[in-house]
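Below you'll find the structure, written out as structure tokens, and then a few comments.
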Amino acid sequence: MALAVRTAAWWARLPSSRRLATPLCLPPWLPAACGRPYSSSGKEKLDMSTYPVESIRNFSIIAHVDHGKSTLADRLLEITGTIAKTDRNKQVLDKLQVERERGITVKAQSASLFYNHEGVNYLLNLIDTPGHVDFSYEVSRSLSACQGVILVVDANEGIQAQTVANFYLAFEAQLAIIPVINKIDLKNADPERVEKQIEKLFDIPIHECVRISAKKGTNVEKVLQKVVEKIPPPHCNTADPLKALVFDSTFDHYRGVIANIALFGGEIQKGHKIVSAHTKKRYEVNEVGILTPNEQPTHKLYAGQVGYLVAGMKEVTEAQIGDTLFLYKQPVEPLPGFKSAKPMVFAGMYPVDQTEYNNLKSALERLTLNDSSVTVHRDSSLALGAGWRLGFLGLLHMEVFNQRLEQEYNTSVILTAPTVPYKAVLSSAKLIKEYGKGEITIINPAQFPDKLSVSEYLEPTVLGTIVTPQEYIGKIIVLCQDRRAVQKDMLYIDEHRVMLKYLFPLNEIVVDFYDTLKSLSSGYASFDYEDAGYQAADLIKMDILLNGNPVEELATIIHNDKAYATGKFLCERLKDAIPRQLFEIAIQAAIGKKIIARETLKAYRKNVVAKCYGGDITRRMKLLKRQAEGKKLMRKIGNVEVPRDAFIRVLKRQTDK
Numbered sequence: 001m002a003l004a005v006r007t008a009a010w011w012a013r014l015p016s017s018r019r020l021a022t023p024l025c026l027p028p029w030l031p032a033a034c035g036r037p038y039s040s041s042g043k044e045k046l047d048m049s050t051y052p053v054e055s056i057r058n059f060s061i062i063a064h065v066d067h068g069k070s071t072l073a074d075r076l077l078e079i080t081g082t083i084a085k086t087d088r089n090k091q092v093l094d095k096l097q098v099e100r101e102r103g104i105t106v107k108a109q110s111a112s113l114f115y116n117h118e119g120v121n122y123l124l125n126l127i128d129t130p131g132h133v134d135f136s137y138e139v140s141r142s143l144s145a146c147q148g149v150i151l152v153v154d155a156n157e158g159i160q161a162q163t164v165a166n167f168y169l170a171f172e173a174q175l176a177i178i179p180v181i182n183k184i185d186l187k188n189a190d191p192e193r194v195e196k197q198i199e200k201l202f203d204i205p206i207h208e209c210v211r212i213s214a215k216k217g218t219n220v221e222k223v224l225q226k227v228v229e230k231i232p233p234p235h236c237n238t239a240d241p242l243k244a245l246v247f248d249s250t251f252d253h254y255r256g257v258i259a260n261i262a263l264f265g266g267e268i269q270k271g272h273k274i275v276s277a278h279t280k281k282r283y284e285v286n287e288v289g290i291l292t293p294n295e296q297p298t299h300k301l302y303a304g305q306v307g308y309l310v311a312g313m314k315e316v317t318e319a320q321i322g323d324t325l326f327l328y329k330q331p332v333e334p335l336p337g338f339k340s341a342k343p344m345v346f347a348g349m350y351p352v353d354q355t356e357y358n359n360l361k362s363a364l365e366r367l368t369l370n371d372s373s374v375t376v377h378r379d380s381s382l383a384l385g386a387g388w389r390l391g392f393l394g395l396l397h398m399e400v401f402n403q404r405l406e407q408e409y410n411t412s413v414i415l416t417a418p419t420v421p422y423k424a425v426l427s428s429a430k431l432i433k434e435y436g437k438g439e440i441t442i443i444n445p446a447q448f449p450d451k452l453s454v455s456e457y458l459e460p461t462v463l464g465t466i467v468t469p470q471e472y473i474g475k476i477i478v479l480c481q482d483r484r485a486v487q488k489d490m491l492y493i494d495e496h497r498v499m500l501k502y503l504f505p506l507n508e509i510v511v512d513f514y515d516t517l518k519s520l521s522s523g524y525a526s527f528d529y530e531d532a533g534y535q536a537a538d539l540i541k542m543d544i545l546l547n548g549n550p551v552e553e554l555a556t557i558i559h560n561d562k563a564y565a566t567g568k569f570l571c572e573r574l575k576d577a578i579p580r581q582l583f584e585i586a587i588q589a590a591i592g593k594k595i596i597a598r599e600t601l602k603a604y605r606k607n608v609v610a611k612c613y614g615g616d617i618t619r620r621m622k623l624l625k626r627q628a629e630g631k632k633l634m635r636k637i638g639n640v641e642v643p644r645d646a647f648i649r650v651l652k653r654q655t656d657k
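FYI, in the UniProt record's numbering the residues of the sequence shown are 1 to 657.
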């Protein structure tokens, strides 16, 4: 406030000729950039023409969760002089608060490194990727901009489920793979065993493995040498017309969309007019540069290089992931792009207080700009009010999204229990005409069609990979059978570890499977899954009735085999959540007209026989009978009002299940 008053007084004393001066005249105590348009001219622009295509290497680091990807990235940045060498360099590329708190990578980050090998200057473009199964979409996007990968494996834990999944992603993309065994400084490290696992599972010779300790920096220089020697340069030419792939984007409130691009041909500079192959919109380039890992503007970007581009795009939807950019009036064949992210888990999101609806709406819009894999549909509930139905890539993705909403936008929300998208093949001509198609997707139980008008219901399935020490096999097989899984494969990686492959119904693993697996195996088993399409299933809609009246918000879609257990659990939970009334409440779980579970919430009642000291029994019975008749009448005319906090307790994710 004091600064504003001081500036206003200074402005009032200024002669009118100086007020209109260009550039804008500012008081000496304000920063030079205040009031002026954003410009990066303060930074010296780099000349990227000194790095021909032959001197460029684009690579990614892939691994299972917590095998040391980000630590290795930190050491590579230090060795190449990209960042200063200090003790504070931990997870330099993990910029989000949630990433630093949880110690995981959520969003892929890129950085350009300059490295001199045998007298030749090389430009190495590194992309650090997430390790958790929920973010494999980020990994596949990152690999599209690369010609090779560093596959990091923990020398203590060995090959895990996500290591296998990431290897096949890179293998299918026909990328050069450099196996790196990390954490060799640990007391229980066994690099020889891990090398044998890599040779057996991935058919990579033992002598190609590089043993390192990313934490201490041991042998990390050798990894850079391998990158230069083994990974081929990009196949492209500067003389070709511009062809740039958008593989990621972020949103800046002042400059709009910042698109991360990989150039597969031509060159790009400030002032160029470009066109998006997806939207057909035209833009003028305001700035290009590389990430080191902070933005570093350059004069131009050339074929084979990876960098960022600012072109006045106002919405992230304009910078579609997988889009191709080309010069105006020089159209090119668009690049193949990516499969769009497919939501695997749906959950309802509602503001704790409906007055916060607009604030939450703007927070959601801004966060989905930076996380384009979340799908958003408007939804409303009689109990919880207006809200949204959000689609996520998995449970961790849902938790991270919720945490980012709270930390970055200071909003608190009610998140309902997660569900999965089911399908119904319609047999009723009337319904087919109404929907305009014979197969519908159901993400809300309220949309579940009646069994008479459906030929079959379909549920989503996933192919799960479990890597576990052999002593836990028995418990894990029992767990998988309990979750209706079908065994597809079983392979011994070495004498101690086993890889199991199962076909799971997605709704069986979506809530607590991972936690149960970890507790059964003392934390040693790892789990990964990939989409395996839909299969026919005996699905039913289960309603919850309160005194015979269905409660729409508590309806669920469930497999017939699990109906009784789930119905009983919900009834017990409701009994604890609903406050007692002056009349008895019957809480029932029903499938159609059939009641499968019931709990009774007893009524509050006055002790009407308290005044009877002894005397005839008929007097006591008469008083009790009259009270029972009154309660019966009250139950007929009384409505059960379920308070909002009771709904929240029942609908919220059942972490204490």
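Just so you know, even glycine gets a beta-carbon here, dropped at the ideal spot from N, CA and C.
Just so it is clear, the structure is predicted and the values come from calculations on it, not from any experiment.
Between which residues of its own chain and residue i is the CB-CB distance below 7 Å, once the five residues before and five after are set aside?
i       : result
Ser-39  : The predicted model places Ser-39 with a pLDDT of 35, which falls under 50 and marks its position as unreliable; any figure quoted below should be read in that light. Contacts found: none.
Gly-385 : Tyr-350, Gln-354
Phe-202 : Phe-167
Val-510 : Val-345, Leu-395, Pro-418, Val-420
Ile-432 : Leu-426, Gly-438
To which residues of the same chain is residue i closer than 6 Å at the C-beta, ignoring the five residues directly before and after it?
i       : result
Thr-419 : Phe-346
Thr-566 : Ile-558
Gly-548 : none
Leu-491 : Met-499
Gly-391 : Pro-343, Phe-346, Thr-375
Pro-550 : Asp-543
Asp-240 : Gly-265, Gly-266
Thinking C-alpha only, which one of the options is nearest residue i?
i       : options                            : result
Val-228 : Ile-56, Phe-392, Lys-593           : Ile-56
Gly-119 : Val-149, Gly-474, Phe-202, Gln-225 : Gln-225
Val-498 : Asp-240, Arg-75, Ala-189, Gln-160  : Gln-160
Leu-46  : Lys-423, Ile-587, Gly-289          : Gly-289
Lys-187 : Glu-157, Arg-483, Val-510, Leu-175 : Glu-157
Leu-72  : Ser-373, Asp-154, Glu-54, Glu-495  : Asp-154
Val-210 : Pro-234, Glu-221, Asp-203, Lys-200 : Glu-221
Leu-301 : Phe-59, Ser-112, Leu-574           : Ser-112
Leu-463 : Lys-501, Ser-428, Val-53, Lys-451  : Lys-501
Leu-503 : Asp-190, Phe-527, Ser-142, Asn-116 : Phe-527
Pro-505 : His-299, Thr-461, Ala-363          : Thr-461
His-496 : Ile-477, Gln-470, Thr-516, Ala-189 : Gln-470
Phe-171 : Ala-189, Ile-204, Lys-196          : Ile-204
Ile-127 : Tyr-115, Gly-474, Pro-334, Pro-293 : Pro-293
Using beta-carbon positions only, say whether residue i and residue j come within less than 7 Å of one another.
i       : j       : result
Leu-242 : Gln-305 : no
Glu-287 : Pro-297 : yes
Ile-184 : Ser-213 : yes
Tyr-472 : Ser-519 : no
Gly-217 : Arg-75  : yes
Cys-571 : Ile-587 : yes
Ala-277 : Thr-324 : yes
Ala-532 : Thr-468 : no
Val-352 : Ile-414 : yes
Met-542 : Ile-617 : no
Pro-421 : Thr-556 : no
Pro-234 : Gln-147 : yes
Ile-357 : Arg-282 : It is Tyr, not Ile, that sits at residue 357 in the sequence shown. Not in contact: Tyr-357 and Arg-282 (Cβ atoms no closer than 7 Å).
Leu-601 : Ile-585 : yes
Val-164 : Thr-465 : yes
Gln-197 : Asp-494 : yes
Quick check on the DSSP output: the alpha helix (DSSP H) that includes residue i runs from which residue to which?
i       : result
Arg-75  : 69-79
Asn-433 : First, the residue type needs correcting, since residue 433 is Lys and not Asn in the sequence shown. Counting along the chain, the alpha helix (DSSP H) containing Lys-433 begins and ends at 429-435.
Phe-583 : From DSSP, Phe-583 is part of no alpha helix (DSSP H); its letter is neither H nor E.
Met-398 : 395-409
First and last residue of the beta strand (DSSP E) that includes residue i?
i       : result
Asn-58  : 56-63
Ile-544 : 539-546
Leu-500 : 497-505
Gly-387 : 385-392
Spatial neighbours of residue i within its chain, please: C-beta separation below 8 Å, excluding the five flanking residues on both sides.
i       : result
Val-246 : Ala-259, Asn-260, Ile-261, Ala-319, Gln-320, Ile-321, Gly-322, Asp-323, Thr-324, Leu-325
Asn-237 : Val-53, Gly-265, Ala-303
Arg-484 : Phe-504, Pro-505, Glu-508, His-559, Asp-561
Val-139 : Ser-60, Ile-62, Ala-108, Thr-129, Pro-130, Asn-166, Leu-169
Val-223 : Leu-72, Leu-76, Ile-150, Ile-178, Val-180, Val-210, Ile-212
### Query
If we count Cβ pairs, one from each stretch, closer than 8 Å, do we get three or more for the region 230-241 versus the region 307-325?
Note that the region 230-241 does not touch the region 307-325; fewer than 3 beta-carbon pairs, one per stretch, sit closer than 8 Å.
### Task
Assess, as a yes-or-no matter, whether the region 444-459 is touched by the region 529-543 under the definition of 3 or more beta carbon pairs within less than 8 Å.
These segments touch.
### Query
Does the pairing of the region 433-444 with the region 399-415 give three or more beta-carbon distances under 8 Å?
With a cut-off of 8 Å, the region 399-415 and the region 433-444 do not count as touching, because too few Cβ pairs lie within range.
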